[in-house]
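Q:
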Amino acid sequence: MKSSAVRTAIFPVAGLGTRFLPATKATPKELLPVLDTPLIQYAIDEAQAAGIERMVFVSHPSKAAIERHVMDDVRLRSELRARGKPELAAELKEASFPVGSDEVVFAMQNEPLGLGHAVACARDHVLPGPVAVILPDDLILGEGCIGEMIEAYRNVPAGHLVATMQVAARETRKYGILSVCDQEGRVLRADGMVEKPDPDKAPSRDAVVGRYILDGSVFDDLSAQTPGAGGEIQLTDAIARGAQRVGLAGFRFSGQRFDCGSKAGMLRATLHLAAEDPECEEVLQEIVASRSSALAA
Ligand code: UTP
């Protein structure tokens, strides 16, 4: 049984967000809202609920708005109080971090050289022990995924634990697919993973999505790594390399995942949350009714 706790979460947020242009020309993808909450906030809430002590955001100088969202804004709060909105000011304070807090670090990735490179940029800022990596554009609703993984990690005989979900056979070529040797409850023991295989070559249908708990040695593997697919430093290559040494397992999380890096996923997430929100329900019903009568006409 491992004793080292997961104290740090890394949030890679330096990507170009090309699939959402032109929306992401001036607004970082991670600040796009699902209903009224930016993607990054869901990720922060998930990490906080899991008891993470330090959050390292790997950002880009052109994405300073992320830092403005994460950190407390004393001027805005005092303006809100002056305008008779003290509750709103208090809510904003609650959801942000005081400037100078060592709970939060912003590291820069000056060029988007890949997810693995982004994680490597966090190296000097992480607390000792294994680290969590959370991709904010993979929105996972329901039970906090990283919290479930941290809980499971204590008893998993592997240094790297990756979130997995089962996908249809035709979908395997969109994901890293785990080569599963054994299953115990939600935990899948694996002997490797294959990047984006065709359905007939896929070793399973357990696809890796954007939550990871990684043994600290991943930083050494990343620093030794040459560019892989797309000329980028890939996180999956470093995980695969370390897997032979520290072991690899998958975790079938209980929540529902939305690929908010794509328009379809963002729309699905928005509709899913709107359907649960009494304020939006009426709007949804209106749209469904008008579409049905248009189809019937
Ligand atoms: P994605 O590949 O989904 O994001 O990376 P992207 O590259 O920004 O988006 P597209 O494909 O061009 O539309 C997943 C996460 O990793 C971060 C992204 O910001 C996103 O949160 N990332 C990606 C980095 O921080 N650095 C990189 O070099 C690449």
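Each residue of the sequence shown is one higher than the one before, starting from 0 at the first, in numbering that gives the first Met the number 0.
From the three backbone atoms N, C-alpha and C, an ideal C-beta is built for every residue, glycine too.
#1: Have a look at 239, 137, 230 and flag the residue whose alpha-carbon is nearest the alpha-carbon of residue 220.
#2: Could you give the distance in angstroms between the alpha-carbon of residue 294 and the alpha-carbon of residue 116?
#3: Which whole-angstrom value describes the C-beta separation of residue 252 and residue 162, a residue pair presumed to lie in contact below a C-beta threshold of 8 Å?
#4: On the three-state DSSP scale, how would you describe residue 56?
#5: Tell me which residues share the same chain as residue 97 and place their Cβ nearer than 6 Å to its Cβ, disregarding the 5 neighbours each side in the sequence.
#6: Evaluate residue 37 with the Cβ neighbour count: other Cβ atoms within 10 Å of its Cβ, from every protein chain shown; 16 or more gives buried, anything less gives exposed.
#7: Below 8 Å between beta carbons: does that hold for residue 280 and residue 274?
#8: Is the distance from the Cβ of residue 177 to the Cβ of residue 250 below 8 Å?
#9: What are the boundary residues of the beta strand (DSSP E) that includes residue 251?
#10: Are the CB atoms of residue 144 and residue 210 within a distance shorter than 8 Å?
#11: Using the Cα positions of residue 193 and residue 231, report the straight-line distance between them to the nearest angstrom.
#12: If residue 137 sits next to residue 208, beta carbons under 8 Å apart, how far is it from one beta carbon to the other, in whole angstroms?
#13: Taking 8 Å as the limit between beta carbons, can you name the residues of its chain near residue 179, skipping five residues before and five after?
#14: Give the C-beta separation of residue 227 and residue 236 to the nearest angstrom, bearing in mind that I take them to be a contact with Cβ-Cβ under 8 Å.
#15: Which runs of the alpha helix (DSSP H) fall wholly inside the segment 216 to 280 and span at least 4 residues, in chain order?
#16: Which residue spans inside the segment 155 to 193 form an unbroken beta strand (DSSP E) run of at least 3?
A: Once the coordinates are examined:
#1: 239
#2: 49 Å
#3: 5 Å
#4: strand
#5: 71
#6: buried
#7: yes
#8: No, these two residues do not count as a Cβ contact at 8 Å.
#9: 247 to 251
#10: yes
#11: 17 Å
#12: Confirmed, about 5 Å.
#13: Cβ within range, chain order: 187, 188, 189, 202, 203, 205, 249.
#14: 5 Å
#15: Listed in chain order, they are 217 to 222, 234 to 245, 262 to 274.
#16: With a minimum length of 3 residues, the continuous beta strand (DSSP E) runs that stay inside the segment 155 to 193 are 159 to 165, 175 to 183.
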